[in-house]
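The structure appears right after this line, and notes come after that.
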Amino acid sequence: VKEKDLSVVISTLEEEFNIYKEVGGESVPIHCQDVPNGLQKNGKEAIQPTVHPVVIPKNQFCVMSLDPDTLPSIATTLIDVLFYSNSPKEDAANQGLDCIKFFSFSLIDGYISLVMDTEAQRQFPADLLFTSSSGELWRMVRIGGQPLGFDECGIVAQISQPLADSDISAYYISTFSFDHALVPEEDIVSVTDMLQHQRKDPAAS
């Protein structure tokens, strides 16, 4: 969230979550009364969010992790996948949007998360990447027909709310240009029907 909106975010979320801040290496509870102007709104009038188009590529994706100690052993493969695989522009020209190149590497507080399609996964040693015991595959819903920017509100909610109402889990990733929701492969037909209906009748969302 934008720093100027942080106090509003805390006052909104603390009804549902315990919120902490780090002080001297320890987690300390934080409440809206501890934040200046915590109960003030951001001054913007709520408007009906734009219902953005979605793209559902045919790639199957994996959500995985990696022991940071083994990172040096896959560094060469990681560099190859990131920088020397087929150009995304060439892929788009050849395949339309049937498949998209998407690879996400996150290192946060010493924990590594990886999202890649099954084609990229085959380039990595199988014994170094790990996922859940079920080894589920995911399908992607990309939100936005053009870059979304950072000022619009409600983009996540228009995807996450109907998924939550249908008890469908999602792994959400926002990038500089687009938002992406990964859903279990077995639910992709239901998700596709749901989102198509939402776009035909925005008032139903």
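Positions 1 to 205 (UniProt numbering) are the ones given, in order, by the sequence shown. Note that the Cβ used here is the ideal one computed from N, Cα and C, for glycine as well. In this text the structure is predicted, and so the values were computed from the model without any measurement.
Asked                                                                                                                                                                                          : Found
Quick one: Cα of residue 219 to Cα of residue 107, how far?                                                                                                                                    : Given a span of 1 to 205 for the chain in the structure shown, any question on residue 219 remains unanswerable.
How would you call residue 158, buried or exposed, if buried means at least 16 neighbouring beta carbons within 10 angstroms?                                                                  : buried
If we count the other Cβ atoms within 10 Å of its Cβ and call it buried at 16 or more, is residue 53 buried or exposed?                                                                        : exposed
Exposed or buried, which one is residue 189 when buried takes at least 16 other CB atoms within 10 Å?                                                                                          : exposed
Using the C-alpha atoms, what's the distance from residue 8 back to residue 23?                                                                                                                : 21 Å
Figure out for me which residue from 59, 124 and 99 has the closest Cα to the Cα of residue 76.                                                                                                : 124
For residue 99, I'd like the list of residues in its chain whose CB is within less than 6 Å of its CB, leaving aside the five on either flank, ordered along the chain.                        : 57, 58 and 59
Can you give the Cα-Cα distance for residue 163 and residue 6, rounded to whole angstroms?                                                                                                     : 26 Å
Could you give the distance in angstroms between the alpha-carbon of residue 132 and the alpha-carbon of residue 64?                                                                           : 8 Å
For residue 94 and residue 200, I'd like the C-alpha separation in whole angstroms.                                                                                                            : In this predicted model, residue 94 has a pLDDT of only 47, less than 50, meaning its place in the structure is not dependable; the value taken from the coordinates is given anyway. Rounded to the nearest angstrom, the two C-alpha atoms are 29 Å apart.
Excluding the five sequence neighbours on either side, which residues of its own chain have a C-beta within less than 7 Å of the C-beta of residue 113, listed in chain order?                 : 65 and 106
So, for residue 121: in the same chain, excluding its five sequence neighbours on each side, which residues have a beta-carbon less than 8 Å away from its beta-carbon?                        : 62, 64 and 129
If we count the other Cβ atoms within 10 Å of its Cβ and call it buried at 16 or more, is residue 11 buried or exposed?                                                                        : buried
Can you give the Cα-Cα distance for residue 184 and residue 135, rounded to whole angstroms?                                                                                                   : 11 Å
Please give the ranges of any alpha helix (DSSP H) in the UniProt domain "CASTOR ACT" (134 to 196), keeping only runs that are unbroken, at least 4 residues long and fully inside the region. : 155 to 165
Determine the DSSP secondary structure at residue 102, reduced to helix, strand or coil.                                                                                                       : coil
Using beta-carbon positions only, say whether residue 198 and residue 55 come within less than 8 Å of one another.                                                                             : no
With 16 other CB atoms within 10 Å as the buried threshold, where does residue 179 fall?                                                                                                       : buried
Taking 7 Å as the limit between beta carbons, can you name the residues of its chain near residue 192, skipping five residues before and five after?                                           : 56
Measure the alpha-carbon distance for residue 25 versus residue 186 and round it to whole angstroms.                                                                                           : 42 Å
What residue from 195, 166, 143 and 169 has the CA that sits closest to residue 176's CA?                                                                                                      : 143
Considering only residues of the same chain and omitting the five flanking positions on each side of residue 110, which have a CB-CB separation below 7 Å?                                     : 68
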